[in-house]
Amino acid sequence: MIRFAAIVPVLRVVDVERCMTWYREILGFSVDPSPDVAPFDFCILRRDDAELMLRRVKAPIARTPAAHDWDVYLRLEGNELTALLDHARRRTPLVRGPEVMPYGQVEFELEDPEGHRICVAEVLDDVSGFPRAVD
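Residue numbering for the sequence shown follows my numbering, starting at 1 and increasing by one per position.
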C-alpha cells in the first residue's frame with residue numbers, strides 16, 4: 001500500500017528572505033534557504049513535524065483575504081497555543097482571535113509579510129479564558 005508521509009504547502013512569495021525571517025521569528029520555524037546566500041529562490045521551513053516551503057515569484061499574488069480563508073492551518077498539540085499566542089502577538093498583529101470555535105478548536109489568525117493567512121489552532125484542556133466565536 002502506498003503511504004503518504006506529508007502534505008507540504010508551498011507558498012509563493014516575492015521576498016523569500018523577508019518571509020523566512022518572519023516564520024522563524026514569529027512561529028519558531030528553522031530555515032533552510034536555497035541558494036545558501038541571498039537572494040534566495042526557495043526555503044524549507046521546519047518545526048517539529050510541520051513543514052512549509054517558500055518559493056520566489058516575480059510578482060505578488062493577487063490576494064483578497066476573507067475570514068476563515070486560510071493558506072495554512074497549523075494544528076498544535078500539548079496545550080502550547082497560549083505560549084505561541086503570547087509570543088506572536090508581541091511581534092505581529094493578529095488578524096482574528098483567539099476564539100473558541102464551534103468544533104472545539106481555539107484558533108487565532110496571522111498574516112505573513114506577503115498576506116498569506118495562517119490559522120493556528122489547538123484543542124485545549126481549559127478554554128475558559130477565550131471568547132466563543134460568533135456564528
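Beta carbons are placed, not taken as given, at the ideal position from N, Cα and C, and that holds for glycine. Predicted model only: the values in this text are computed from it and were never measured.
Helix, strand or coil for residue i, going by three-state DSSP, please let me know.
i, result
"E99", "strand"
"M53", "strand"
"L81", "helix"
"D32", "strand"
"R91", "coil"
"I138", "Within the shown structure, residues of the chain are numbered from 1 to 135, placing residue 138 beyond reach of any answer."
"R3", "coil"
"E114", "coil"
"V16", "helix"
"L27", "helix"
Rounded to whole angstroms, what is the Cα-Cα separation between residue i and residue j?
i, j, result
"E107", "A121", "4 Å"
"A83", "R89", "10 Å"
"R132", "L81", "16 Å"
"S34", "S128", "44 Å"
"A62", "F42", "20 Å"
"L27", "T92", "11 Å"
"I2", "D48", "24 Å"
"D125", "E109", "20 Å"
"R55", "L94", "24 Å"
Excluding sequence positions up to five away, which residues of its chain have a Cβ less than 6 Å from the Cβ of residue i?
i, result
"L52", "P9, L45"
"L76", "E122"
"P113", "R18, C19, W22"
"W70", "R117, C119"
"P39", "none"
"P65", "R117"
Please work out which residues of its chain come closer than 7 Å, Cβ to Cβ, to residue i, disregarding the five sequence neighbours upstream and downstream, and give them in chain order.
i, result
"P60", "V14, E114"
With a 10 Å radius around its C-beta and 16 neighbouring C-beta atoms as the bar for buried, classify residue i as buried or exposed.
i, result
"V57", "exposed"
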